[in-house]
Amino acid sequence: MAVVEPAASQPAVAGMDPIGVQGKVELHGLPKGLWYDVTFDVKTSGFQGNARIERQEEIWPPSFEIRIRGGNQMHKFVTLDADGFAPISFLNEGNEKQVDFYDERGKHLDHWIEGAFRIESEGTAEGLMMKVNLPERARSMRGMTITYFNFGW
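And the structure:
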């Protein structure tokens with residue numbers, strides 16, 4: 038297991054606006070079965086968190102998991118900003134499993150096409166689990182920034 042040190046975290050303070058919190062990233066499963074644990078240390082019901090994951094090998098594997106911990110409100114909004122591609126944004130509500138497809142411009146697609154990103158997401162007791170399948174062209178990107186909004190109303 039490798040631990041990727043994040044930038045300094047901001048303390049979580051309750052308020053009206055989402056709180057910006059830096060996530061702690063831990064890497065597991067090298068060389069096979071790669072997954073990233075991203076933990077946001079918060080004690081509030083609504084927040085915005087950011088974390089950065091980076092390629093560990095010469096190229097990314099075709100698929101990997103991102104397991105986000107830190108709040109499990111009803112609504113989980115995620116933006117994946119892969120280097121060299123348009124940001125991909127999606128909403129996961131409740132704990133239902135969903136599968137979404139996106140082109141390299143971040144546009145949601147009705148079905149998979151060659152060169153598309155495939156994102157499988159499911160709410161968990163701790164937050165959100167995602168399985169990311171990369172198109173071949175994205176496997177050489179340096180990294181990806183994850184922005185996670187967790188909120189309920």
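Residue numbers are given in the working numbering: position 58 of the sequence shown equals residue 95, and the series is strictly consecutive. In this text, a Cβ means the ideal position worked out from N, Cα and C, and glycines have one as well.
Spatial neighbours of residue i in its chain, beta-carbon cut-off 7 Å, leaving aside the 5 residues before and after
i, result
"R142", "A123"
"G121", "M178"
"T182", "N87, R89 and D118"
"I105", "V75, G164, L165 and Y185"
Nearest-angstrom Cα separation, counted from residue j out to residue i
i, j, result
"D147", "Q135", "13 Å"
"S100", "G86", "23 Å"
"K168", "Y139", "14 Å"
Beta carbon proximity, residue i to chain C, threshold 9 Å
i, result
"Y185", "Going by chain labels, chain C is absent from the structure shown, which holds only one protein chain."
Pick from the options that is closest to residue i, judged by C-alpha positions
i, options, result
"G107", "E163, R176 and K69", "E163"
"E94", "E157, L67, V62 and V115", "L67"
Beta-carbon contacts of residue i that lie in its chain and below 8 Å, excluding the five residues immediately before and after
i, result
"G174", "In the sequence as displayed, the identity of residue 174 is Arg instead of Gly. E141 and G152, listed in sequence order."
Cβ neighbours of residue i in the same chain (closer than 6 Å, five flanking residues each side left out)
i, result
"E159", "K134 and M166"
8 Å contact criterion, which residue i and residue j should meet: CB distance rounded
i, j, result
"F154", "N132", "Not quite, the Cβ-Cβ distance comes to about 22 Å (not below 8 Å), so this is no contact."
"R176", "W72", "About 17 Å; that fails the 8 Å criterion."
"F77", "V58", "5 Å"
query = Which runs of the beta strand (DSSP E) spanning at least 3 residues fall entirely within the segment 96 to 173, listed in chain order?
reply = 100 to 106, 112 to 119, 125 to 130, 134 to 139, 154 to 160 and 164 to 170
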